[in-house]
Amino acid sequence: SMAKNKKTTTKNYLRALLKLRISLFVALLLAYTLTAMENIIIISLMWADNRLQTPMYFFLSNLSFLDILYTTVVTPKLLACLLGEKKNMSFAGCITQTYFYFFLGTVEFILLAVMSFDCYVAICNPLRYTIIMNSRACLLMILGCWLGAFLPVLVPTIVVTRLLYCNTRLTEKVNFLLSALVILSSLAFTTGSYIYIISTILHIPSAQGHQKAFSTCASHITIVSIAYGSNIFVYVRLSQNHSLDFDKVATVLITIVTPLLNPFIYSLRNEKVKEVLREKILLISGKNLIHVPSGIFIA
68 SMAKNKKTTT
78 KNYLRALLKL
88 RISLFVALLL
98 AYTLTAMENI
108 IIISLMWADN
118 RLQTPMYFFL
128 SNLSFLDILY
138 TTVVTPKLLA
148 CLLGEKKNMS
158 FAGCITQTYF
168 YFFLGTVEFI
178 LLAVMSFDCY
188 VAICNPLRYT
198 IIMNSRACLL
208 MILGCWLGAF
218 LPVLVPTIVV
228 TRLLYCNTRL
238 TEKVNFLLSA
248 LVILSSLAFT
258 TGSYIYIIST
268 ILHIPSAQGH
278 QKAFSTCASH
288 ITIVSIAYGS
298 NIFVYVRLSQ
308 NHSLDFDKVA
318 TVLITIVTPL
328 LNPFIYSLRN
338 EKVKEVLREK
348 ILLISGKNLI
358 HVPSGIFIA
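Now the structure itself:
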């Protein structure tokens, strides 16, 4: 009887575990699909409409592109692990995923610093904005984001590849340390930019001017707060030797949730973006409908 009860309990446990894995798979797949769709829409809008071809939207389209790559590094493998029997990863796969995860994350933090500089020029030096933020300067800044993240992540990755086995804990700690230096540098730059921005806003005499200036950078402040806040939380926990499993769960949530929220916070709340999106939807729906004299619309 005891053996039978134990067998029944084991079956119930395995059934519950399978349901949990399926639920997680569906939730992660939906989040990943939605993230990809949102960011692809944002990129398409910004490259298809002249009104959105400004430095701010150029940086936003690059942020959307990064978010797609960032989630793609982790999510597909995680989805495969949830439903597949094979849970381990090869040495080459471990190194490759680790490199691109930290590399793309570091690029994004440098890009956030560049976007804070864009806000600074727009608010603190508006008359020279078009001169300072010209197309060549914007391209060089984007190139700087990628090059600035390349070596700080590549060096520890090469060191780790010389180990005889994939020491995940060591890999993460080394990459966390060097990526943290870049992230803290970009945080210092972003903080400095916003000190000047807030100081300039406070000197604007009218309340309407205050509101307009603040609305220009409010979304960026929100994204910066989420990005830096969540990552600093993980860094602090890692340095205090807390549960590695919890840190991994927190990292996965950051990797999936942040790119999911970014389009809503930064782009889809923007009136100009919403206006362009409405126009494109009406244009597409208009092309797919043929009006006939009887008043019937045929697709």
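If you're matching positions, the sequence shown starts at 68 in this note's numbering and goes up one per residue. The beta carbon of each residue, even a glycine, is placed where N, CA and C say it ideally should be.
For Cys-186 and His-287, which I take to be in contact (beta-carbon distance under 8 Å), what is that distance rounded to the nearest angstrom? Correct: roughly 6 Å between the Cβ atoms.
Express the C-alpha separation of Gly-276 and Val-319 in angstroms, rounding to a whole number. Each residue's Cα considered, the two are about 40 Å apart.
Secondary structure at Met-104, three-state DSSP: helix, strand or coil? It is helical.
For Glu-152 and Leu-146, I'd like the C-alpha separation in whole angstroms. Distance from the CA atom of Glu-152 to the CA atom of Leu-146, rounded to whole angstroms, is 12 Å.
Distance cutoff 7 Å, beta carbons only. Does Ile-265 sit that close to anything in chain D? No chain D is present in this structure, which holds just one protein chain.
Assign Phe-176 to buried or exposed, taking buried as 16 or more other Cβ atoms, counted over all protein chains shown, within 10 Å of its Cβ. Buried, because 16 or more other Cβ atoms sit within 10 Å of the Cβ of Phe-176.
Less than 8 Å between the CB atoms is what I'm expecting for Pro-219 and Thr-173, so what's the real figure, rounded? Correct: roughly 7 Å between the Cβ atoms.
Based on Cα-Cα distance, which residue from Met-182, Val-141, Leu-150, Arg-88 lies nearest to Tyr-402? As displayed, the chain neither begins before 68 nor continues past 366, which places residue 402 out of reach and without an answer.
For Ile-333, which option in Val-291, Ile-351, Gly-296, Gly-353 has the closest C-alpha, if you only look at C-alpha atoms? Going by the sequence as given, residue 333 is Tyr instead of Ile. It is Val-291 whose Cα lies nearest to the Cα of Tyr-333.
Across the stretch 320-329 and the stretch 91-100, are there enough close Cβ pairs to call them in contact, namely three or more that are closer than 8 Å? Inter-segment contact for the stretch 320-329 and the stretch 91-100 is present: three or more beta-carbon pairs are separated by less than 8 Å.
Give a yes or no on whether the C-beta atoms belonging to Arg-88 and Leu-149 are separated by under 7 Å. Closer than 7 Å, so yes.
Distance between beta carbons of Gly-296 and Val-249, contact taken as under 8 Å: Here Val-249 is actually not in contact with Gly-296; their C-beta atoms are around 17 Å apart, not less than 8 Å.
Rounded C-alpha distance that separates Ser-131 from Lys-347: Between the C-alpha atoms of Ser-131 and Lys-347 there is a straight-line separation of about 19 Å.
Quick check on DSSP: helix, strand or coil for Asp-134? Asp-134: helix per DSSP, three-state reduction.
Go ahead and label Phe-217 buried or exposed: buried means 16 or more other beta carbons lie within 10 angstroms of its beta carbon, across all protein chains shown. So Phe-217 ends up on the exposed side.
DSSP three-state label for Thr-267, please. Reduced to three states, the DSSP call for Thr-267 is helix.
In the DSSP assignment, find the alpha helix (DSSP H) that holds Ala-183 and state where it starts and stops. First, the amino acid is wrong: residue 183 is Ser here, not Ala. Start and end: 158-191.
List the whole-angstrom C-beta distance separating Val-343 from Asp-116, where the pair is believed to meet the contact cut-off of C-beta under 8 Å. Contact between Val-343 and Asp-116 holds: CB atoms are separated by about 5 Å, below the 8 Å threshold.
Unbroken stretches of the beta strand (DSSP E), 3 residues or longer, contained in the stretch 193-221: Taking only runs of at least 3 residues, no beta strand (DSSP E) segment lies wholly in the stretch 193-221.
Proximity of Thr-228 and Ile-321 at Cβ, strictly below 7 Å: Taking the C-beta atoms as reference points, Ile-321 is found no nearer than 7 Å to Thr-228.
Give the straight-line distance between the Cα atoms of Thr-197 and Ala-189, rounded to the nearest whole angstrom. Their Cα atoms are separated by approximately 9 Å.
When the distance is taken between beta carbons, is Cys-205 closer than 7 Å to Pro-122? Result yes, Cβ atoms of Pro-122 and Cys-205 sit closer than 7 Å.
Three-state secondary structure (DSSP) of Arg-88: Reduced to three states, the DSSP call for Arg-88 is helix.
Which whole-angstrom value describes the C-beta separation of Lys-339 and Leu-119, a residue pair presumed to lie in contact below a C-beta threshold of 8 Å? Contact between Lys-339 and Leu-119 holds, since their C-beta atoms are separated by about 7 Å, short of 8 Å.
Outcome for Ser-202 when other beta-carbon atoms lying within 10 angstroms are tallied against a minimum of 16: Residue environment for Ser-202: exposed (fewer than 16 other C-beta atoms within 10 angstroms of its C-beta).
Rounded separation between Gly-362 and Ser-352 - CA only: At Gly-362 the pLDDT is 44, less than 50, meaning the model places this residue with poor confidence; the figure from the coordinates comes in the next sentence. C-alpha separation (whole angstroms): 16 Å.
Which class does Gln-120 belong to by DSSP, given the choice of helix, strand or coil? DSSP places Gln-120 outside both helix and strand once states are collapsed to three, so it counts as coil.
Measuring only the C-alpha atoms, how far is Ser-282 from Thr-257? For Ser-282 and Thr-257, the distance between alpha carbons rounds to 17 Å.
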